[in-house]
Structure formats: structure tokens, C-alpha cells
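Numbering (full-length UniProt numbering), first residue to last: 1 to 158.
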């Protein structure tokens with residue numbers, strides 16, 4: 001069996017502690033000199049340098065890189081088809097039939113019967129009777145008479 005002794009260290013003895021600092025005696029500081037205002041320097045009247053136009057550098061005439069044809073990667077082989085049969089039907093029995101009776105009729109009373117009288121007859125007078133005489137007979141002229149002569153007698157062969 002192994003025993004481990006633990007040693008606990010507490011605060012250092014009073015001789016090794018730091019001594020508190022004695023505060024320095026207060027020294028009198030004279031007030032700062034009064035603030036002197038300095039105006040900003042006048043703006044310089046030097047002319048800006050003239051604008052110099054620099055044309056863009058000519059395009060580089062490096063030849064285009066040669067075209068390298070890259071063939072498409074070969075198609076990845078598809079995994080073999082594995083037929084999975086459908087799971088067998090579950091053999092759990094059907095749930096028991098629970099009969100639910102129809103709800104009872106609502107006990108609200110029928111609405112009260114309101115009698116509605118027929119509307120009064122309209123007070124319009126009947127329209128006046130207008131006599132219409134029969135139309136006169138049409139006066140069409142009789143058809144013209146056409147004379148028809150009798151047919152000639154038949155010829156006899158003697």
C-alpha cells in the first residue's frame with residue numbers, strides 16, 4: 001500500500017511579507033501657464049502640378065495557350081441490381097369493431113310558427129274592353145276564264 005502525504009502551504013510568515021509603502025509628502029505644483037491661442041497658418045498659394053495624361057500600356061501580345069482536349073471521365077460502374085422482395089404482410093389481427101351510437105337529438109325547441117297573411121289584392125282597375133271588328137273579306141278578283149276548244153274528231157281511214 002502506497003501512502004501519499006500532502007503538504008499544505010499557508011501564507012508566508014510575517015518577516016517575508018512586503019512592507020507597506022510610506023506615502024510621499026505632498027509637493028506643491030504651480031498652476032500651468034495661461035493658454036496662448038495660435039491661429040492656423042495661412043493657406044499656401046502654390047499652384048497644383050499640371051495634369052499629365054498617361055496612356056494605358058499596350059496589350060501584351062502573348063500567344064494564347066494551346067488547346068488541350070480533355071476527354072470526359074469514364075462513367076462510374078453502377079452497382080449490380082439487387083431485387084428486394086416486399087415484406088410479408090403483417091399478421092396482426094384487425095382492431096375490434098367499436099359500435100358508436102348516433103348522438104341524441106338536440107333538445108332545442110322548434111322555432112315558433114309565424115302566420116303570414118296573403119298580400120291584399122292590387123287596387124288596379126281592369127283594363128277597358130276594346131271591341132275589335134272582324135276583318136273585311138278580301139276582295140280578290142276571280143281568276144280569268146280560259147276558253148278551251150273541243151278536240152278535233154278522230155280521222156277515219158277509208
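Cβ coordinates follow ideal geometry from the N, Cα and C atoms, glycine included.
Please report the straight-line C-alpha distance between residue i and residue j, rounded to a whole angstrom.
i: residue 148; j: residue 139; result: 27 Å
i: residue 51; j: residue 43; result: 22 Å
i: residue 123; j: residue 143; result: 57 Å
i: residue 118; j: residue 96; result: 59 Å
i: residue 156; j: residue 150; result: 18 Å
i: residue 105; j: residue 98; result: 21 Å
i: residue 33; j: residue 48; result: 41 Å
i: residue 152; j: residue 145; result: 21 Å
i: residue 125; j: residue 132; result: 21 Å
i: residue 29; j: residue 35; result: 17 Å
i: residue 109; j: residue 91; result: 52 Å
i: residue 38; j: residue 31; result: 21 Å
i: residue 81; j: residue 94; result: 36 Å
i: residue 113; j: residue 107; result: 18 Å
i: residue 170; j: residue 127; result: Residue 170 is absent from the structure shown; the chain starts at 1 and stops at 158.
i: residue 116; j: residue 135; result: 50 Å
Might you give, ordered along the chain, the residues of its own chain that have their beta carbon closer than 7 Å to the beta carbon of residue i, omitting 5 neighbours on each side?
i: residue 198; result: Outside the displayed range of the chain (1 to 158) lies residue 198, so it cannot be described from this structure.
With a threshold of 6 Å on Cβ separation, who are the neighbours of residue i within its own chain once the five nearest residues in sequence on each side are excluded?
i: residue 130; result: none
i: residue 61; result: none
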